[in-house]
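Below: one structure, written as structure tokens.
Numbering (full-length UniProt numbering), first residue to last: 1 to 387.
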């Protein structure tokens with residue numbers, strides 16, 4: 001939820017009046033003091049079907065932490081949201097602002113979000129929860145993999161004693177990532193095999209036909225960033241777990257009301273609703289050639305040549321920029337590739353004569369079509385609003 005400080009300046013722990021403007025992916029927001037309400041009142045607003053908000057109540061909430069976030073007086077305030085009604089409270093936490101002191105054992109938990117984070121949260125909290133409800137607007141394919149398989153100590157000992165074998169194994173693992181790229185970009189038997197494995201993972205682990213139908217996505221495997229888990233299907237099929245496919249109408253003090261009129265009781269709401277994945281260096285303001293800013297250049301979505309060079313911004317290079325990192329290689333390896341590519345680009349030039357490097361737009365206009373991500377019409381962080 002978007003939260004902004006209202007009225008008083010919060011210092012450390014205590015209470016502050018805030019405004020809750022509605023549900024969205026950003027869990028908190030800084031607001032300059034001049035934007036604060038002079039009456040020091042917070043507002044709880046409920047989003048309407050049109051996306052607007054209607055103020056319903058005003059109340060104060062406890063502040064967990066507060067710090068100044070910029071020189072203009074804005075502050076970032078971490079709060080635990082509480083909706084008191086008849087002695088029952090609903091705590092709200094976003095996974096990006098997780099409170100390490102939060103006790104989840106024995107609680108009635110509602111989880112919103114079906115990406116990797118939502119799957120991990122449900123898997124981790126289900127064993128100790130009194131009840132856990134996973135609200136799934138659009139299910140995702142969850143591929144089984146032995147993530148908890150321990151590496152025998154003897155394997156580590158052998159690799160330490162045989163560095164060449166260690167290097168060969170490392171290169172083999174890197175080559176396996178090339179197969180994943182092939183699956184994503186080429187309609188081949190490898191793709192069909194991997195997609196069938198995703199479907200089999202669901203069929204084998206979920207025996208209940210109704211639950212399996214609710215967990216089956218409309219799009220094909222690999223359309224979205226692939227979710228991998230060896231525990232989720234078992235967790236959501238447990239007696240104390242519910243999968244809720246109905247749309248959410250509103251969040252109430254004691255739970256969540258869905259479009260079918262049911263109220264799902266909860267005393268803890270966990271928002272695993274994602275992150276602003278395409279912000280990169282923003283909100284930092286970068287100005288390039290002819291006064292253009294990054295926001296101007298990326299009006300139709302972030303883009304760069306080889307993840308690094310942005311047209312119209314001479315001598316400006318990004319590490320882990322647009323289109324990276326990807327799900328087939330590690331963040332560290334993606335950073336190494338970026339640094340290596342930039343070094344190669346600079347090699348032919350004399351240090352004393354090179355004054356500017358500039359990427360022109362024609363160098364970067366390459367688009368993948370016919371892939372599961374671009375061809376099956378699902379919403380994905382890999383596809384911008386402009387397609």
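The beta carbon of each residue, even a glycine, is placed where N, CA and C say it ideally should be.
Nothing here was measured: the structure is a model prediction, and the numbers come from that model.
Exposed or buried, which one is residue i when buried takes at least 16 other CB atoms within 10 Å?
i: residue 31; result: With a pLDDT of 33 at residue 31, under the threshold of 50, the predicted position of this residue should be treated as unreliable, and no value is reported.
i: residue 418; result: Outside the modelled stretch of the chain, which goes from 1 to 387, sits residue 418, for which no answer is possible.
i: residue 202; result: buried
i: residue 284; result: exposed
i: residue 204; result: exposed
i: residue 140; result: buried
i: residue 158; result: exposed
i: residue 264; result: buried
i: residue 129; result: buried
i: residue 184; result: buried
i: residue 126; result: buried
i: residue 217; result: buried
i: residue 145; result: exposed
i: residue 311; result: buried
i: residue 219; result: buried
i: residue 215; result: buried
i: residue 274; result: buried
i: residue 156; result: exposed
i: residue 308; result: buried
i: residue 165; result: exposed
i: residue 192; result: exposed
Are the CB atoms of residue j and residue i within a distance shorter than 8 Å?
i: residue 190; j: residue 178; result: no
i: residue 297; j: residue 288; result: yes
i: residue 228; j: residue 149; result: no
i: residue 136; j: residue 244; result: yes
i: residue 334; j: residue 320; result: yes
i: residue 123; j: residue 231; result: yes
i: residue 240; j: residue 160; result: no
Please report the Cβ distance between residue i and residue j, rounded to the nearest whole angstrom; I am assuming they are in contact, meaning their Cβ atoms lie under 8 Å.
i: residue 248; j: residue 258; result: 6 Å
i: residue 110; j: residue 133; result: 5 Å
i: residue 269; j: residue 121; result: That belief does not hold up - the Cβ atoms of residue 269 and residue 121 are roughly 12 Å apart, past 8 Å.
i: residue 390; j: residue 221; result: There is no way to answer for residue 390, as the model of the chain reaches only from 1 to 387.
i: residue 233; j: residue 206; result: 5 Å
i: residue 246; j: residue 260; result: 5 Å
i: residue 198; j: residue 143; result: 5 Å
For residue i and residue j, what's the separation of their Cα atoms in angstroms?
i: residue 114; j: residue 154; result: 38 Å
i: residue 278; j: residue 302; result: 7 Å
i: residue 286; j: residue 294; result: 6 Å
i: residue 210; j: residue 322; result: 40 Å
i: residue 208; j: residue 196; result: 19 Å
i: residue 95; j: residue 116; result: 12 Å
i: residue 272; j: residue 97; result: 10 Å
i: residue 163; j: residue 152; result: 17 Å
i: residue 226; j: residue 173; result: 18 Å
i: residue 180; j: residue 253; result: 45 Å
i: residue 56; j: residue 107; result: Because residue 56 carries a pLDDT of 36, less than 50, the predicted location of this residue cannot be relied on, and the following value inherits that uncertainty. Their backbone Cα atoms lie some 27 Å apart in a straight line.
i: residue 329; j: residue 306; result: 15 Å
i: residue 186; j: residue 224; result: 16 Å
i: residue 337; j: residue 168; result: 19 Å
i: residue 86; j: residue 99; result: The pLDDT assigned to residue 86 is 48, lower than 50, so where the model puts this residue is not dependable, and the model offers no usable value.
i: residue 314; j: residue 331; result: 25 Å
i: residue 236; j: residue 299; result: 40 Å
i: residue 262; j: residue 138; result: 19 Å
i: residue 324; j: residue 101; result: 33 Å
i: residue 112; j: residue 103; result: 18 Å
i: residue 255; j: residue 175; result: 48 Å
i: residue 282; j: residue 304; result: 15 Å
i: residue 276; j: residue 188; result: 33 Å
i: residue 90; j: residue 316; result: 46 Å
i: residue 242; j: residue 280; result: 36 Å
In the DSSP output, what is residue i paired with across the bridge?
i: residue 305; result: 309
i: residue 94; result: 271
i: residue 258; result: 248
i: residue 175; result: According to DSSP, which records beta bridges pairwise, residue 175 is partnered with nothing at all.
i: residue 148; result: Partner(s): none; residue 148 has no beta bridge.
i: residue 243; result: 134
i: residue 142; result: 227
i: residue 108; result: 131
i: residue 317; result: 309
i: residue 264; result: 256
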